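Q: What follows is a structure written as structure tokens; I'll ask about it next.
Numbering (this note's numbering), first residue to last: 7 to 477.
Printed below as a string of structure tokens:
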């Protein structure tokens with residue numbers, strides 16, 4: 007591809023994005039006196055720090071609860087197989103279908119949130135998520151059970167995709183790292199929590215204000231028309247709602263276009279997809295390791311996942327260090343840190359994740375105390391957190407013109423891997439044994455570990471030649 011073709015491709019992408027994203031709604035670029043403009047006190051970033059952190063806590067809790075619902079079925083597989091007369095492989099689909107719903111949902115819910123606002127999507131999604139949980143609980147057969155597991159995952163995906171937009175709405179680039187870290191880790195803590203947390207999602211309705219600026223402008227225009235009786239007041243979003251169909255179409259094909267034509271985005275998405283696939287595969291692997299080798303019961307096996315959770319909590323405790331690091335890098339680069347600085351965290355994750363898996367693989371023998379493989383999962387949990395946090399922040403900053411599509415491509419790909427990996431876990435562990443199967447997973451993680459080291463050095467050059475990346 008010539009440089010002219012690349013420039014034309016980038017201009018086309020930016021033109022489409024301008025037409026279908028909030029960048030085209032910036033009131034500073036308009037001169038109509040009846041177009042609404044937010045005053046500084048009305049901007050979501052002008053909320054008090056306490057209020058903003060309450061919002062982050064609520065939406066992070068929502069993401070945590072949806073993730074908990076995705077994994078809770080792992081401990082009900084025996085009952086599902088018995089009651090529905092289904093094989094173990096079919097019962098595992100209850101996890102896979104839910105995760106696939108999580109991956110595909112953002113392709114629709116993302117553009118809808120940019121038309122109707124974040125809160126409208128939250129409330130409708132939560133209502134449907136709650137209602138469709140009943141067909142899962144009272145399913146008469148395996149088909150109904152699996153279909154509605156997919157539907158509830160699709161509805162719940164709003165809290166794993168749109169919620170990230172809410173966090174970025176509330177904080178600027180210099181302060182977004184810590185709240186984004188809390189939001190990133192929340193879905194991974196979900197499997198360690200009680201099902202009752204799912205009902206705390208109602209806090210969304212009470213505590214989360216609308217944060218999407220185009221939607222706030224629309225609400226202000228409606229108030230001004232009602233107050234003054236003058237119908238000429240308007241907001242850009244009102245004049246673009248007719249394009250919702252095109253926005254959804256673009257939302258569906260742009261992520262796959264990014265995967266096909268941008269090798270850096272594809273490889274980073276592949277990295278996170280493999281890591282998430284391994285994480286979800288552990289729901290099938292841990293019963294082999296701890297029940298068949300160490301004689302654990304179901305409840306004790308569930309507690310064995312605490313090692314991963316502890317690792318993630320230890321990793322997030324390092325966030326103040328990373329905040330100081332990014333601040334120092336920004337000062338060295340005229341006040342703005344390059345996107346590649348975010349990959350330094352990923353370098354640590356690239357080392358810790360395979361190290362933890364190799365440690366786990368070679369300590370699964372019956373003669374090794376059961377606490378040792380649990381301790382081995384601590385560096386894997388920490389590495390997983392570092393990998394996801396660094397990759398998410400890099401994609402958002404490096405592909406800023408199409409950040410929503412960059413995250414949607416990552417979500418669709420990693421959810422597909424997470425849905426597929428548990429399906430072959432049983433056969434793999436029976437054929438290779440706990441040592442061989444876990445070492446194979448560690449090998450996969452090792453092959454992809456050099457990616458952050460490579461892209462931190464050449465990422466800037468690759469962005470210059472990309473049709474999609476922000477230079």
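We put the beta carbon where it would ideally sit given N, CA and C, even for glycine. Quantities reported herein were computed from a predicted structural model and do not represent experimental measurements.
#1: Please name the residue or residues paired with residue 41 in a DSSP beta bridge.
#2: Check this for me: beta carbons of residue 451 and residue 284, under 8 angstroms apart or not?
#3: Could you tell me whether the Cβ atoms of residue 435 and residue 291 are closer together than 8 angstroms?
#4: Between which two residues does the alpha helix (DSSP H) containing residue 459 stretch?
#5: Would you tell me roughly how many angstroms separate the C-alpha atoms of residue 352 and residue 321, rounded to the nearest one?
#6: Relative to the C-alpha of residue 68, which candidate in 214, 396, 408 and 120 has its C-alpha closest?
#7: May I have a chain-ordered list of the alpha helix (DSSP H) segments no shorter than 4 residues that lie completely inside the segment 320 to 365?
#8: Start and end of the alpha helix (DSSP H) containing residue 305?
#9: Is it the case that the segment 117 to 136 contacts the segment 178 to 185, given that we only count it when at least three CB pairs across the two stretches are under 8 angstroms?
#10: Could you pull out every residue in the same chain whose Cβ sits closer than 6 angstroms to the Cβ of residue 35, ignoring the five residues on either side in sequence?
#11: Which term fits residue 443, buried or exposed, when burial requires 16 or more other beta carbons within 10 angstroms of its beta carbon?
#12: Please go through the same chain and pick out, in chain order, the residues whose beta-carbon is closer than 6 angstroms to the beta-carbon of residue 403, but skip the five residues on each side of it.
#13: Tell me which residues share the same chain as residue 48 and place their Cβ nearer than 8 angstroms to its Cβ, disregarding the 5 neighbours each side in the sequence.
#14: Please list, in chain order, all residues of the same chain as residue 409 whose beta carbon is under 6 angstroms from its beta carbon, the five residues on each side excluded.
#15: Only counting the same chain, and skipping five residues up and downstream in sequence, which positions put a Cβ closer than 7 angstroms to that of residue 360?
#16: Going by DSSP, what residue range makes up the alpha helix (DSSP H) through residue 120?
#17: Around the C-beta of residue 224, are 16 or more other C-beta atoms found within 10 angstroms, so that it is buried, or is it exposed?
#18: For residue 150, which residues from the same chain have a beta carbon less than 8 angstroms from its beta carbon, with the 5 sequence-adjacent residues on both sides left out?
#19: Residue 74 and residue 189 - do their beta-carbons sit closer together than 8 angstroms?
#20: Start and end of the alpha helix (DSSP H) containing residue 292?
#21: Roughly how many angstroms lie between the CA atoms of residue 280 and residue 424, to the nearest whole one?
#22: Who are the Cβ neighbours of residue 446 in its own chain at under 8 angstroms, not counting the five residues just before and after it?
#23: For residue 70 and residue 381, what's the separation of their Cα atoms in angstroms?
#24: Nearest CA to the CA of residue 316: which residue from 191, 102, 109 and 122?
#25: With a threshold of 16 other CB atoms inside 10 Å of the CB of residue 474, please say whether the residue is buried or exposed.
#26: Any idea if residue 259 is buried or exposed, counting beta-carbon neighbours within 10 angstroms, 16 or more meaning buried?
#27: Considering only C-alpha positions, which residue in the set 366, 318, 357 and 293 is nearest to residue 83?
#28: Is residue 145 helix, strand or coil when you go by DSSP?
#29: Does the distance from the C-beta atom of residue 566 to that of residue 457 stay below 8 angstroms?
#30: Restricting to runs no shorter than 4 residues, where is the alpha helix (DSSP H) found entirely within the segment 49 to 80?
#31: Mapping DSSP to helix, strand and coil, what is residue 229?
#32: Any chance the segment 230 to 238 sits against the segment 377 to 391, with 3 or more Cβ pairs inside 8 angstroms?
#33: Exposed or buried, which one is residue 420 when buried takes at least 16 other CB atoms within 10 Å?
#34: Is it right to say residue 377 is buried, meaning 16 or more other beta carbons lie within 10 angstroms of its own, or is it exposed?
#35: Secondary structure at residue 138, three-state DSSP: helix, strand or coil?
A: If we stick to the structure as given:
#1: Residue 41 has 240 as its beta-bridge partners, per DSSP.
#2: yes
#3: By the CB criterion at 8 angstroms, residue 435 and residue 291 fall inside the cutoff.
#4: 457 to 471
#5: 12 angstroms
#6: 214
#7: 325 to 338
#8: 304 to 309
#9: no
#10: Note that residue 35 scores 44 on pLDDT, short of 50, meaning its location in the model is unreliable and no value can be drawn from it.
#11: buried
#12: 345
#13: 222 and 226
#14: 402
#15: Answer for residue 360: 448, 451, 452 and 455, listed in chain order.
#16: 94 to 122
#17: buried
#18: 141
#19: no
#20: 269 to 292
#21: About 8 angstroms.
#22: 434 and 438
#23: 23 angstroms
#24: Minimum Cα distance to residue 316 is reached at 191.
#25: buried
#26: exposed
#27: Scanning 366, 318, 357 and 293 for the CA closest to the CA of residue 83 turns up 293.
#28: coil
#29: Coverage of the chain is limited to positions 7 through 477, which leaves residue 566 absent and any answer about it impossible.
#30: 55 to 78
#31: Note: residue 229 maps to helix in three-state DSSP.
#32: no
#33: buried
#34: exposed
#35: coil
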